[in-house]
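Residue numbers (our numbering), protein chains in the order written: chain A, 1 to 116; chain B, 117 to 226.
The C-beta atom is built at its ideal place from N, Cα and C for all residues, glycine as well.
All values reported here derive from a predicted model rather than from experimental measurement.
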């Protein structure tokens, strides 16, 4: 149990375009989902927290108009990188937390974004 | 603000126990200690967590000192697939955000 998927696993896009990354909890309902970014040889950095049906809360320094997060259902959250630039190239990882039980956080496999 | 301190790296021999230390000297009384690991180019994997008592599951054991200022993650029989970056994280009970530090890069050698 407690499986989180991400799609796509890797994506290459051109500078100036937008790209959407999906995060799904496959066997549980996720009241909260988190989005992280990880640059090469660095640790994970939390970008934002999203609760189903409400606006995401962004960490300091993360542009909410550039990284659009939608958490429309208890099993799906999407991250859209708008007007992507090469410096947005990174490993994007989501996690999902169940509102039941101990509410542990489970991570997706990550999405490798390359902006050319 | 790093709430945990871990060694940068460590090697261990396949089949032997791996003991990973973590210092969290400023931990508050109701904060949990969590351990995650990240195998190269994958998402982090939950390992174990604890509050005051020692904990054991199918993956590892967590030993927390009585004063709770440090803990040790024990992988009882390390395998090559345990090579990963291991993160020790302190989390308040009602704030589910996880703050990842640099972690410990563990290399298991045959």
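- Any Cβ of chain B closer than 8 Å to the Cβ of residue 99 (chain A) would place that residue at the interface, and such an atom is absent.
- For residue 20 (chain A), the enclosing beta strand (DSSP E) starts and ends at 19–25.
- Take the alpha-carbon of residue 27 (chain A) and the one of residue 88 (chain A): they are about 31 Å apart.
- Under the Cβ criterion of 8 Å, residue 122 (chain B) is not counted among the residues facing chain A.
- Proximity of chain B to residue 110 (chain A) at the Cβ level (cut-off 8 Å) is accounted for by 157, 158 and 159, in chain order.
- Listed along chain A are 2, 104, 105, 106 and 107, each with a C-beta nearer than 9 Å to that of residue 162 (chain B).
- Annotation for residue 171 (chain B): 164 and 178 place their beta carbon closer than 6 Å to its own, counting only its chain and skipping 5 residues before and after.
- Annotation: Cβ neighbours of residue 32 (chain A) in chain B (cutoff 9 Å, chain order): 212.
- In this chain, the beta strand (DSSP E) harbouring residue 76 (chain A) covers 76–81.
- By the rule that beta-carbons nearer than 8 Å mark a contact, residue 218 (chain B) touches chain A.
- Counting of Cβ neighbours within 10 angstroms places residue 131 (chain B) among the exposed residues, the total staying below 16.
- When the alpha-carbon of residue 122 (chain B) is set against those of B:216, B:226 and B:212, the nearest one is in B:216.
- Shown here for residue 61 (chain A): not one same chain residue has a beta carbon closer than 8 Å to its own, the five before and five after excluded.
- Excluding its 5 nearest sequence neighbours in each direction, residue 11 (chain A) has C-beta neighbours in its own chain below 7 Å: 19, 111 and 113, listed in chain order.
- In this chain, the beta strand (DSSP E) harbouring residue 150 (chain B) covers 148–154.
- Excluding sequence positions up to five before and after residue 29 (chain A), its CB lies within less than 6 Å of the CB of 74, all in the same chain and listed in chain order.
- Using a Cβ-Cβ cut-off of 7 Å, residue 93 (chain A) is close to 159 of chain B, given in chain order.
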